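Read through the structure below, which is laid out as structure tokens, and then see the notes.
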Amino acid sequence: MKRILIIALVIIASGGIAAAQELYVNTEPASNMPANSLGIRLSNKFFNMKHSGDNGMRFEPEVMWGANKKLMLHVLGYASNMMQSSVKLEGGGVYAKYRFLSLDQQHAHFRMAAYVRGSVINNPYYPEMPDGGHAMRPYDNKELDLEGATSGVNGGIIATQLLHKLALSTTLGYSRYMNNVKDNIPDDFSRNSVNYSLSAGYLVLPVKYKSFQQTNLNLYVELLGKTNTDAVGRGSYLDIAPAVQFIFNSTTRLDLSYRTQLTGDMARNTSNSFLIRVEHNIFNIKK
Amino acid sequence: MKIVSIILLALGISFGANAQFKKASVHATGLTCAMCSKATYEALESLPFVDKIDTDLDNTTFILTFKTGAPVSIDAIKDKVEDAGFSVGKLVMTANFDAVRVQNDAHVAFAGSTLHFMDVKNQVLSGDKDITVIDKDFVSAKQFKKFSTETTMPCYKTGMMGDCCKSDGATASKRIYHVTI
């Protein structure tokens, strides 16, 4: 754990030698995708589920659209085996981000955006076990999220600062969890939470930009936190998520990230995960 | 016969090249990634008057070569950069002038646009000359503020024809591009 922190600090300190990057893997930057462009994304998460000892996986297909220079919209689907023995479609969601401030300078910019997310999910709040099966350990989880666990809405503010070679981004948001399609949130879960993050990104390659065909290599470190604010299910955690990103032909993105808990007192069925994401962008869909 | 056709060709080219914008060098700010540059490139490429684009990616600069005879909209260039999510930090237009007399704070009708020359000596422009657009959103906010304090002309702040402009029969809502050499 200490080593990861040291590596993170070294990367932050060495920011002066690389160009900044803000295509964060586990959060969104305040910048939007270009107007009139379309992005297609498939995110896959792999994690160990403490209650069953099984490997869990989640698949999130996502379509992103730059409606205009200030507004972008995402539509997402969620599928996983977290709550039942095999992978099934759990629901879907929408995400909208509006960039309301943009101060661009030669080697710096500061941007702010507001976002909202909404999810409709059909999942139980306690995992179903196959007939005759039983959990290895009690299902001890007080963490809900809008990515498949529960229906609800989330909204917040993002601020991204590029200063010389360092790109920093922070998010502050609030979630209101709502009942799922068939199941109601049990009384021992918090219905409200606050999420916060701090992200930093660096371009490692290419050293000098010459063509759009050059493959980019970017490194990220992100701190991701959440606090359940209700008296029941109260708790917090802070995760760290280092990530590597490749960009091919200036249009296709491959993200690899590992996420693990640094500190926290929230009961979680999963406290570390791998993420693999492929994203392809089509610019200027309407000529 | 060959000589005649060469002369005709030369004449044709010089007539064809008269009084028009030939190129633009667009420096975009706010870009940090390959995808950003690519998106900006493709947005600029979709302009109907752009023939080809050369890039200096390390400096996030795009050199647009215009189609001969096509009407060029300076605002459309800026709009494309902004649609891609970025800002114009500097825009230098290369134009072919045919003995055009310019004066400080005077309007010149040129290739379908009205140019207001600021901070220039009285002179006659001939041949290819570079002019820099200094209107709002074509320079950094800091530079715009600086230019604003250096001029008494209120039309600079709006980019539109104003009372300050020496009347040349144009209407008050006409777009005026403020430029310098």
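Chains A and B, in that order, are what the protein sequence lines are.
FYI, the numbering for the first sequence is 0 to 286, going by numbering that gives the first Met the number 0.
FYI, the numbering for the second sequence is 0 to 180, going by numbering that gives the first Met the number 0.
The beta carbon of each residue, even a glycine, is placed where N, CA and C say it ideally should be.
All values derive from a computational prediction rather than experimental measurement.
Checklist entry - How many angstroms separate the CA atom of A:L37 from the CA atom of A:L75? => result In the first sequence, the residue the question calls residue 37 of chain A occupies position 38. In the first sequence, the residue the question calls residue 75 of chain A occupies position 76. Rounded to whole angstroms, A:L37 to A:L75 spans 14 Å at the Cα level.
Item to check | Among A:A34, A:Q20, A:S272, A:F45, the one whose alpha carbon lies nearest that of A:I284 | outcome: Residue numbering aside, residue 284 of chain A sits at position 285 when the first sequence is read from its first letter. Out of A:A34, A:Q20, A:S272, A:F45, A:A34 has the C-alpha closest to the C-alpha of A:I284.
Checklist entry - Excluding sequence positions up to five away, which residues of its chain have a Cβ less than 6 Å from the Cβ of A:L274? => result As a first step, residue 274 of chain A must be located in the first sequence, where it is residue number 275. Cβ neighbours of A:L274 within its own chain (closer than 6 Å, five residues either side excluded): K44, S256.
Item to check | DSSP state of B:F65 mapped onto helix, strand, coil | outcome: Locating residue 65 of chain B in the second sequence gives position 66, counting from the first residue. DSSP places B:F65 in strand when its eight states are reduced to three.
Item to check | Nearest-angstrom Cα separation, counted from B:F146 out to B:H177 | outcome: Numbered from its first residue, the second sequence carries residue 177 of chain B at position 178. Numbered from its first residue, the second sequence carries residue 146 of chain B at position 147. Between B:H177 and B:F146, the C-alpha separation is close to 10 Å.
Checklist entry - Looking at B:G29 and A:H108, is the spacing between their C-beta atoms short of 8 Å? => result If you number the first sequence from 1, residue 108 of chain A lands on position 109. If you number the second sequence from 1, residue 29 of chain B lands on position 30. The answer is yes: Cβ separation under 8 Å.
Checklist entry - Which of the three DSSP states, helix, strand or coil, is assigned to A:K209? => result Numbered from 1 along the first sequence, position 210 holds the residue referred to as residue 209 of chain A. Here A:K209 carries a coil assignment [DSSP, helix/strand/coil].
Checklist entry - What number of angstroms, rounded off, separates the C-alpha of A:N140 from the C-alpha of A:N268? => result Residue mapping note: residue 140 of chain A aligns to position 141 of the first sequence, counting from 1. Residue mapping note: residue 268 of chain A aligns to position 269 of the first sequence, counting from 1. C-alpha separation (whole angstroms): 5 Å.
Next on the checklist: Checking 8 Å against the spacing of the C-beta atoms, do B:V138 and B:I73 come in under that value?
Outcome noted: In the second sequence, residue 138 of chain B corresponds to position 139, counting from 1. In the second sequence, residue 73 of chain B corresponds to position 74, counting from 1. The Cβ-Cβ distance between B:V138 and B:I73 does not fall below 8 Å.
Checklist entry - Is B:G11 helix, strand or coil when you go by DSSP? => result As a position in the second sequence, residue 11 of chain B is number 12, starting the count at 1. Confidence at B:G11 is low in this model, with a pLDDT of 43, below 50, so the placement of that residue is unreliable and no value is reported for it.
Checklist entry - Since B:F20 and B:A110 are thought to touch, with beta carbons under 8 Å apart, how far apart are those beta carbons, to the nearest angstrom? => result The residue labelled residue 20 of chain B in the question sits at position 21 within the second sequence. The residue labelled residue 110 of chain B in the question sits at position 111 within the second sequence. Separation of the CB atoms of B:F20 and B:A110 is rounded to 6 Å, and the pair is thereby assigned contact status at 8 Å.
Checklist entry - Would you call B:M151 buried or exposed, if buried means 16 or more other Cβ atoms sit within 10 Å of its Cβ? => result Sequence index remark: in the second sequence, residue 151 of chain B carries index 152 (1-based). With the sequence shown as reference, residue 151 of chain B is identified as Thr, and Met is not the correct amino acid for it. That one is exposed.
Checklist entry - Do the segment 142–157 of chain A and the segment 188–197 of chain A make contact, defined as three or more Cβ pairs closer than 8 Å? => result Touching, yes.
Checklist entry - If we count the other Cβ atoms within 10 Å of its Cβ and call it buried at 16 or more, is A:T149 buried or exposed? => result For the purposes of this step, residue 149 of chain A is taken as the residue at position 150 of the first sequence. Looking at its Cβ environment, which holds 16 or more other Cβ atoms inside 10 Å, A:T149 is buried.
Checklist entry - Beta-carbon of B:M152 versus every beta-carbon of chain A: anything under 8 Å? => result Residue mapping note: residue 152 of chain B aligns to position 153 of the second sequence, counting from 1. Not closer than 8 Å to any Cβ of chain A, the Cβ of B:M152 fails to qualify, so no.
Next on the checklist: I'd like to know if A:L37 contacts chain B, where contact means its C-beta is closer than 8 Å to some C-beta of that chain.
Outcome noted: Here residue 37 of chain A corresponds to residue number 38 of the first sequence, with the count starting at 1. Under the Cβ criterion of 8 Å, A:L37 is not counted among the residues facing chain B.
Checklist entry - With a Cβ-Cβ cutoff of 8 Å, do A:V193 and A:T228 count as a contact? => result Taking the first residue of the first sequence as position 1, residue 193 of chain A is located at position 194. Taking the first residue of the first sequence as position 1, residue 228 of chain A is located at position 229. Yes; because the gap between Cβ atoms is below 8 Å, this pair is in contact.
Next on the checklist: Under DSSP, the beta strand (DSSP E) around B:M34 begins and ends at which residues?
Outcome noted: Counted from its first residue, the second sequence places residue 34 of chain B at position 35. Premise fails: B:M34 lies in the alpha helix (DSSP H), 33–44, not in any beta strand (DSSP E).
Item to check | CA-to-CA distance, B:R100 to B:G11, given in whole angstroms | outcome: Taking the first residue of the second sequence as position 1, residue 11 of chain B is located at position 12. Taking the first residue of the second sequence as position 1, residue 100 of chain B is located at position 101. Because the pLDDT of B:G11 is 43, which lies under 50, any placement of that residue in the model is unreliable, and the question is left without a value.
Next on the checklist: 8 Å is my cut-off, CB to CB: does B:F137 come that close to chain A?
Outcome noted: Here residue 137 of chain B corresponds to residue number 138 of the second sequence, with the count starting at 1. Interface flag for B:F137 against chain A is unset, since no Cβ pair is found closer than 8 Å.
Item to check | Neighbouring residues, chain B, relative to A:T169 (Cβ below 9 Å) | outcome: By 1-based counting over the first sequence, the position of residue 169 of chain A is 170. Within 9 Å Cβ-Cβ: nothing; A:T169 doesn't reach chain B, min ~17 Å.
Next on the checklist: My output table needs one value for A:I16: the three-state DSSP class, helix, strand or coil.
Outcome noted: Taking the first residue of the first sequence as position 1, residue 16 of chain A is located at position 17. Bear in mind that a pLDDT of 36 at A:I16, under 50, signals an unreliable position, so the number given afterwards is only what the model happens to contain. Helix, per DSSP.
Checklist entry - Can you tell me the Cα-Cα spacing of B:L90 and B:C154, whole angstroms? => result Here residue 90 of chain B corresponds to residue number 91 of the second sequence, with the count starting at 1. Here residue 154 of chain B corresponds to residue number 155 of the second sequence, with the count starting at 1. Between the alpha carbons of B:L90 and B:C154 lies a gap of roughly 19 Å.
Checklist entry - Alpha carbon to alpha carbon, what distance is there between A:R258 and A:Y219? => result What you label residue 219 of chain A is simply residue 220 of the first sequence in a count that begins at 1. What you label residue 258 of chain A is simply residue 259 of the first sequence in a count that begins at 1. Approximately 12 Å, taken between the alpha carbons.
Item to check | Exposure of A:D264, with buried meaning 16 or more beta-carbon neighbours within 10 Å | outcome: Reading the first sequence from its first residue, position 265 is the one you call residue 264 of chain A. A residue is called buried once 16 or more other Cβ atoms fall within 10 Å of its Cβ, and A:D264, having fewer, is exposed.
Next on the checklist: Between A:K207 and chain B, is the shortest Cβ-Cβ distance under 8 Å, so that the two count as touching?
Outcome noted: Translated into positions along the first sequence, residue 207 of chain A becomes position 208. So yes, A:K207 belongs to the interface.
Next on the checklist: Can you check whether the C-beta of A:P123 is within less than 8 Å of a C-beta belonging to chain B?
Outcome noted: Here the question's residue 123 of chain A lines up with position 124 in the first sequence. Cβ-Cβ to chain B under 8 Å: no for A:P123.
Checklist entry - Under three-state DSSP, which class holds A:N215? => result Stepping through the first sequence from its first residue, residue 215 of chain A is reached at position 216. Three-state result, A:N215: strand.
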